[in-house]
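Chemist: Residue numbers (our numbering), protein chains in the order written: chain A, -16 to 488; chain B, 36 to 165.
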Amino acid sequence: MLVTLLVVAAFLAGGYYESTYSLLAAGVWLTLAAAGALVPLRRPSAAVLCLAGLAALTALSALWGQPGAALRTAPLPALYAGALYAAQLAGGERLLRAAWLASLAAVCAGLAARAADAVPSGGGLHSSRLAWPLTYSNGLGLLAVTCALLGSALPHKRPRAAAAATALAGAAAYLTFSRSALLAGAAAALLLLALRPTSARGLAAALTGIAAAALLDLAAGTKGPVLLAALALGALAAAALPAFRVRIPPRALLAFAVALAALAAVFAQPLAARFAAPAPDERDARRLLDVSGHGRVELWRATWHEGVAHPIQGGGAGTWPREAIARTGSLAVPANAHSLYLETFAELGLAGLALLAAFIGLVALAGVRARGQPWAPAALAAFAVWALHAGVDWDWQLPAATLPALLAAGSLLSSGRRAGLAVAVAALAIGVAAGLHGIGAAALEEGRTALAARLLPWDARPDAALAAATGSRAAFARACRIDPGEPALLREDPSLGRCAARRAG
Amino acid sequence: MRAALAAAALAALLAIGVVVAFAAPGAVGRAASPRGGAAAAVYCPPGERQRRTDDVKILNGQVSVQTKRSKAFAGQQAKARAVYFKGHRKPKDRNAFVKKQQAQAKVLQKQLAGRQAQLRAAKAKLAACE
């Protein structure tokens, strides 16, 4: 079920759309309900309860934030809580291997489509960034890096084939030109080497794949059948690598950390200035040498201010876009803050941040406890790369980028006593709620605004869409009554006029 | 009780699938399309594409006007200089006139460069919608 979840999410635009993640949440929880009814399940671990708590807080924030925004966001953490619970129940090396194979399938599909020039690149017509199937280059970069880490660290019956596969993942990671994914991957690779020195071969295989892709990109460009040849050469070279280990002495690690800290102290200010400076986003390999954050600092500033304005409970789930529009004075802001931690602080306050921190801490603790298990280093590395990358991008909003980390986390969690029937009943309720929301979201995305309005009566978007499509002032007025600050009202058709009054409080 | 709960869960799963398949199949199709674009949805929310296309059109027009102004000024610069030099012999006066012309040309070039930078930024924003 979990592998199907990952594959389906990957090939449905990364699972980004509201209907997709809501329906996937329904699928997970209803499957858990059916399984729990037939076979008593183990109790959810504390980490699962933290994510479930985050989902509950997200829905509850409808009371102090915007109901439409909060309730449309709630199925996402619910999906993650369900997936983590299912992963905890499945557990172990088999799950992690299945996650590796699923992510490899998605990555290879992207490479094949690029070779066939069958899908658009990420970033527009003049971009050469690999993005499909997740349809976001940085998200695919994270998935590819995770795949490379898992391939490097899991024990394999056929190590040469695994090395070849890891080379493909490395090549795909390079072709996304995602600086954040490659940097986070490098950091996680160091962690992996420290935990499992024998993963050096796999990491070298990934580097071989990167080198093959980079050389081809420099020489001739990476679209068309020539990519297949380069990938094949890279995979063969990786498969020919001998097994070796790299032991990093603790003193060397310490010296490296000190040197890094010294460099950071010297270059922090100019780097930070360069990161904050606006710069055109190059759509090719040149962006790997670019330090610009491409507008992230402005987004983070707006996010910080929203959090500081409501530090305990946050502004309410899903309220970031309207706050960003208000603070920047521009409708052209992206749909999220590009940082899981800052956005959680802004929308759910310290309460939400505490739940998130507890979840991450509990998984790390579980990893330490499970360190004797052969798959534990792989799981820890996969989780670590996600935890790092989610701080600077919108992986949380892209299930296909987050689910591998959750499967890795679940493989480390141990199951406790048997749960009662209450868990199955709760799972049924969550699944039905997520399913109804998913149907409403799908109807809205399809343009069936009447059905969407009936299923999502707290959401202004169906009436806003109806007003934009038909010019109906009555629909516009209804939307304004439900949620006058809804960004869709501002964007759909400014000629309809803005809502006269904003809801107080 | 357990069997009823399991049956309810499976029935709910089936019912949701059937309703989505009949009521909103396009939503799934759109997500599955290579142009389904998570990135486009984030960086180009609904309604933005038309606004950004309009912005690029307007800025294209402004760059065109500014370019014509710069070219027209450059074209008449030499003629104006010749006319001025005919009536003014002193090097000091001539130098001052040339300096004034160069300053005017610089202002027009700066305005053109500004508009071109705005146009590049607008095109980059529109690219996020592709």
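Heads up, the beta-carbon is just placed ideally off N, CA and C, and yes, glycines get one too.
How about A/Leu132 and A/Leu331: do their beta carbons lie closer than 8 Å?
Modeler: Contact: no.
Chemist: Check for me: the alpha helix (DSSP H) holding A/Val229 runs from which residue to which?
Modeler: Careful: A/Val229 lies outside any alpha helix (DSSP H) and carries neither H nor E.
Chemist: Determine the direct distance from the alpha carbon of A/Pro138 to that of A/Ala212, and round the result to whole angstroms.
Modeler: So the two alpha carbons sit approximately 28 Å from each other.
Chemist: In whole angstroms, what is the alpha-carbon distance linking B/Phe57 and B/Glu83?
Modeler: If I take the Cα positions, the gap works out to 30 Å.
Chemist: Whole angstroms are fine: how far does the CA of B/Ala131 sit from the CA of B/Lys103?
Modeler: Going by the C-alpha atoms only, they are around 26 Å apart.
Chemist: Give the range of the alpha helix (DSSP H) segment to which A/Ala57 is assigned.
Modeler: Where A/Ala57 is concerned, there is no enclosing alpha helix (DSSP H), given that its DSSP letter is neither H nor E.
Chemist: Cβ closer than 7 Å: which chain B residues qualify as neighbours of A/Tyr(-1)?
Modeler: Residues of chain B passing the Cβ test: Ala73, Ala76.
Chemist: Can you tell me the Cβ-Cβ gap for A/Val229 and A/Ala81, rounded? I've got them flagged as a contact below 8 Å.
Modeler: A/Val229 to A/Ala81, Cβ: 28 Å. No contact.
Chemist: So, using beta-carbon positions, are A/Ala391 and A/Leu79 closer together than 8 Å?
Modeler: Taking 8 Å as the Cβ cut-off, A/Ala391 and A/Leu79 qualify as a contacting pair.
Chemist: Looking only at C-alpha atoms, which of A/Ala150, A/Ala248, A/Phe250, A/Thr14 sits nearest to A/Leu214?
Modeler: The shortest Cα separation from A/Leu214 among A/Ala150, A/Ala248, A/Phe250, A/Thr14 belongs to A/Ala150.
Chemist: Assign A/Arg486 to one of three DSSP states: helix, strand, or coil.
Modeler: Because A/Arg486 sits at a pLDDT of 40, beneath the cut-off of 50, its placement in the model cannot be relied upon, and the following sentence gives the value as read from the coordinates. Reduced to three states, the DSSP call for A/Arg486 is coil.
Chemist: Leaving aside the five residues before and after A/Arg257 along the sequence, list all residues of the same chain whose C-beta is less than 6 Å from its C-beta, in chain order.
Modeler: Counting only Cβ-Cβ distances below 6 Å, and skipping sequence neighbours, we find Val274.
Chemist: How should A/His288 be labelled, buried or exposed, when 16 other C-beta atoms within 10 angstroms of its C-beta is the threshold for buried?
Modeler: Answer is exposed; the Cβ neighbour count stays below 16.
Chemist: Hey, is A/Pro233's beta-carbon within less than 8 Å of any beta-carbon in chain B?
Modeler: No - not a single Cβ of chain B is within 8 Å of the one on A/Pro233.
Chemist: Taking the straight line between their C-alpha atoms, what separation do you get for A/Gly124 and B/Ala67?
Modeler: Computed Cα separation, rounded: 19 Å.
Chemist: Between A/Ala435 and A/Leu427, is the Cβ-Cβ spacing less than 8 Å?
Modeler: For A/Ala435 and A/Leu427, yes; Cβs fall inside 8 Å.
Chemist: Starting from the beta carbon of A/Ser2, find every residue of chain B whose beta carbon is closer than 8 Å, and list them in chain order.
Modeler: Going along chain B in sequence order, the residues near A/Ser2 (Cβ under 8 Å) are Val55, Ala59, Ala62, Val63, Ala66.
Chemist: Between A/Ala407 and chain B, is any beta-carbon pair separated by less than 8 Å?
Modeler: For A/Ala407, the answer is yes, since a Cβ of chain B falls inside 8 Å of its Cβ.
Chemist: Would you list, in chain order, the members of the stretch 386 to 415 of chain A that have their beta-carbon closer than 9 Å to a beta-carbon of chain B?
Modeler: Residues passing the 9 Å Cβ filter: Leu404, Ala407, Val408, Ala410, Leu411, Gly414, Val415.
Chemist: Just how far apart, CA to CA, sit B/Leu45 and A/Val415?
Modeler: Cα-Cα distance, rounded: 11 Å.
Chemist: Quick check on this structure: which residue in A/Asp442, A/Asp466, A/Val209, A/Gly301 has the alpha carbon closest to the alpha carbon of A/Asp100?
Modeler: Per the Cα distances, A/Val209.
Chemist: Can you tell me which of the three DSSP states A/Arg179 falls into?
Modeler: Residue state, collapsed to three classes: coil.
Chemist: Give the secondary structure of A/Arg257 by DSSP, where H, G and I count as helix, E and B as strand, and everything else as coil.
Modeler: If DSSP states are grouped into helix, strand and coil, A/Arg257 belongs with the helices.
Chemist: Within a Cβ cutoff of 8 Å, which residues of the same chain sit near A/Ser398, ignoring the five residues on either side of it in sequence?
Modeler: Excluding positions up to five away in sequence, the list reads Arg25, Arg26, Ser28, Gln71, Leu72, Gly74.
Chemist: Rounded to whole angstroms, how far is the Cβ of A/Leu15 from the Cβ of A/Ala(-8), which I believe are closer than 8 Å?
Modeler: Contact flag wrong, Cβ pair sits at about 17 Å.
Chemist: Spatial neighbours of A/Val280 within its chain, please: CB distance less than 7 Å, with the 5 preceding and 5 following residues excluded, ordered by chain position.
Modeler: Only Phe258, Ala259 meet the Cβ criterion.
Chemist: Excluding five sequence neighbours on each side, which residues of the same chain lie with their C-beta closer than 8 Å to the C-beta of A/Thr311?
Modeler: So the list reads Glu281, Ala285, once near-sequence residues are dropped.
Chemist: What does DSSP give as the partner residues of A/Arg25 in its beta bridges?
Modeler: Bridge partners of A/Arg25: A/Arg401.
Chemist: Would DSSP call B/Arg26 helix, strand or coil?
Modeler: Nothing can be reported for residue 26 of chain B: it is not among the residues displayed for chain B, which extend from 36 to 165.
Chemist: What does the Cβ neighbour count give for A/Phe342, buried or exposed, with the cut at 16 atoms within 10 Å?
Modeler: With 16 or more Cβ atoms within 10 Å of its Cβ, A/Phe342 is classed as buried.
Chemist: Using a Cβ-Cβ distance cut-off of 8 Å, determine whether A/Arg486 contacts chain B.
Modeler: Only weak support exists for where A/Arg486 lies, its pLDDT of 40 falling under 50; the value from the coordinates is given anyway. Closer than 8 Å: no.
Chemist: Which residues bound the alpha helix (DSSP H) around A/Pro304?
Modeler: That run of the alpha helix (DSSP H) goes 303 to 311.
Chemist: Could you give the distance in angstroms between the alpha-carbon of A/Ala203 and the alpha-carbon of A/Ala195?
Modeler: Distance between the alpha carbons of A/Ala203 and A/Ala195: 12 Å.
Chemist: Quick one: using the 10 Å Cβ neighbour count with 16 as the cut-off for buried, is A/Arg485 buried or exposed?
Modeler: Below a pLDDT of 50, predicted positions are generally treated as unreliable, and A/Arg485, at 41, falls in that range; no measurement from the model is reported.
Chemist: Answer yes if the stretch 352 to 360 of chain A comes into contact with the stretch 290 to 306 of chain A, meaning at least three C-beta pairs across the two stretches below 8 Å, and no otherwise.
Modeler: Judged by Cβ distances under 8 Å, the stretch 290 to 306 of chain A makes no contact with the stretch 352 to 360 of chain A, as fewer than three pairs qualify.
Chemist: Considering only the alpha carbon of each residue, which of B/Ala47, B/Val54, B/Val100, B/Val77 lies closest to B/Ala162?
Modeler: Comparing Cα positions, the closest option is B/Val77.
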